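Next comes the structure, spelled out in structure tokens:
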């Protein structure tokens, strides 16, 4: 399922240019019926999903619930990537304006893959990230437990705690 339609693509970018880029025959193709445009939009949607999953902070379901400004920004991002795919089909048509659009989309994808919240998504934390909570060495010493009072029998507190918990604060 794509995040943008051919109608969105021609909303953001020049319809004549998009239809011309989609054609092999030199006669502009209708954007709504073009399989190439739909394939580029689907591939661009997949690329956004891949960048999102690379960061490990969000899920694909988060994108499907976007609305408002964030939803439009997602559509623009997908359309900009799809335009890049169409331009690469006709590499001779790469002008400075189109190149700037493609570069902006690439930067946004890179930010998304690094976990930057460019789409205003609710944060999700991976289940594999484990935070260990426990007392630090100074807190254990302050308890004055039996092992602390019989120093020659038990190992020291610093030897019994994990290495990251042995510093004192």
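Residue numbers (this note's numbering): 111 to 279. Glycine is no exception: its CB is placed at the ideal position from the N, C-alpha and C atoms. All of these numbers come straight from a predicted model, not from anything done at the bench.
With 16 or more other Cβ atoms inside 10 Å of its own Cβ, residue 208 counts as buried. Residue 190 is positioned such that its CB atom lies closer than 9 angstroms to that of residue 215. By the C-beta criterion, the stretch 167-176 is judged not to be in contact with the stretch 130-148, since fewer than 3 inter-stretch pairs fall below 8 angstroms. Secondary structure at residue 271: coil, using DSSP grouped into helix, strand and coil. Between residue 128 and residue 196 the beta-carbon gap is near 7 angstroms, inside 8 angstroms, which marks them as a contact.
Distance from residue 160 to residue 188 at the Cβ level is roughly 12 angstroms; contact not present, criterion being Cβ atoms closer than 8 angstroms. In the structure shown, residue 198 falls within a helical segment according to DSSP collapsed to helix, strand and coil. Rounded to the nearest whole angstrom, the C-alpha separation of residue 248 and residue 223 is 40 angstroms. Within the same chain, Cβ atoms closer than 7 angstroms to the Cβ of residue 199 are found at 131, the five residues on either side in sequence being excluded. The Cβ atoms of residue 185 and residue 141 lie no closer than 9 angstroms to each other. With 16 or more other Cβ atoms from the protein chains shown falling within 10 Å of its own Cβ, residue 194 counts as buried. Within the same chain, 141, 142, 147 come within 6 angstroms of residue 116 by CB-CB distance, once the 5 residues on both sides are set aside.
Taking the Cβ atoms as the reference, residue 264 lies roughly 17 angstroms from residue 272, outside the contact range of under 8 angstroms. Burial of residue 112 is indicated by the presence of at least 16 other C-beta atoms within 10 angstroms of its C-beta.
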